[in-house]
Amino acid sequence: MKSHTKYLTFNVPARMDLVHITPQVQDAVTESGVQEGLCLVNSMHITSSVFINDNESGLHEDYKRWLEELAPHAPTSQYHHNRTGEDNGDAHLKRQIMGREVVVAITEGRLDLGTWERIFYGEFDGRRPKRVLIKIIGE
Ligand code: ZN
Numbered sequence: 002m003k004s005h006t007k008y009l010t011f012n013v014p015a016r017m018d019l020v021h022i023t024p025q026v027q028d029a030v031t032e033s034g035v036q037e038g039l040c041l042v043n044s045m046h047i048t049s050s051v052f053i054n055d056n057e058s059g060l061h062e063d064y065k066r067w068l069e070e071l072a073p074h075a076p077t078s079q080y081h082h083n084r085t086g087e088d089n090g091d092a093h094l095k096r097q098i099m100g101r102e103v104v105v106a107i108t109e110g111r112l113d114l115g116t117w118e119r120i121f122y123g124e125f126d127g128r129r130p131k132r133v134l135i136k137i138i139g140e
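Using the working numbering, you'd call the opening residue of the sequence shown number 2 and step up by one each time.
See the structure below:
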């Protein structure tokens, strides 16, 4: 069995934004040489997500508005977590609902995604470098 590990670093300039990362993940699959296997992609931080959905800018605006309605950043005093001196209580909640990781099948050396499925990094407490892990296993 082959395995391949790669770390991507994102330094998103906004507090919250969504980044399309399917090309970088496919690059890692190609580098691995794996033809048949599985590809795990996960955020290594508790205030950011990796998820799959449509690469459509209107939907991305809808996500950001919906998440901000569910867990508004301000006032920061509304979160118990922020009593620790942090200001990112909202970002932990946003990460929870958008998920930690995705697993995608690899078939004939390609990510075997549905027609409209794309992989995204969801940042909810940006403006600093944060890592995503890609782990590929197979033959
Ligand atoms: Zn925190």
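C-beta: ideal position from N, C-alpha, C; glycine also.
Check whether residue i and residue j have beta carbons under 7 Å apart
i, j, result
"residue 122", "residue 105", "no"
"residue 135", "residue 38", "no"
"residue 92", "residue 23", "no"
"residue 119", "residue 56", "yes"
"residue 137", "residue 21", "no"
"residue 26", "residue 51", "no"
"residue 125", "residue 84", "no"
For residue i, the three-state DSSP class (helix, strand or coil)
i, result
"residue 132", "strand"
"residue 30", "helix"
"residue 141", "The question about residue 141 has no answer, for the chain in this structure spans 2 to 140."
"residue 114", "coil"
"residue 137", "strand"
"residue 21", "strand"
"residue 56", "coil"
"residue 98", "helix"
"residue 80", "coil"
Buried versus exposed call for residue i [16 or more other C-beta atoms within 10 Å across all chains shown]
i, result
"residue 131", "buried"
"residue 98", "exposed"
"residue 75", "exposed"
"residue 164", "Because the chain in this structure spans residues 2 to 140, residue 164 falls outside the shown range and cannot be described."
CB contact check: residue i to chain C, cutoff 7 Å
i, result
"residue 103", "In the structure shown, chain C does not exist; there is a single protein chain."
Would the region 30–50 count as touching the region 69–84 if we require 3 or more Cβ pairs under 8 Å?
no
Is the number of C-beta pairs between the region 13–33 and the region 110–126 that are closer than 8 Å three or more?
Segments in contact, yes.
Pick out every residue whose C-beta is nearer than 5 Å to a heavy atom of the ligand ZN: which are they, in chain order?
87, 89
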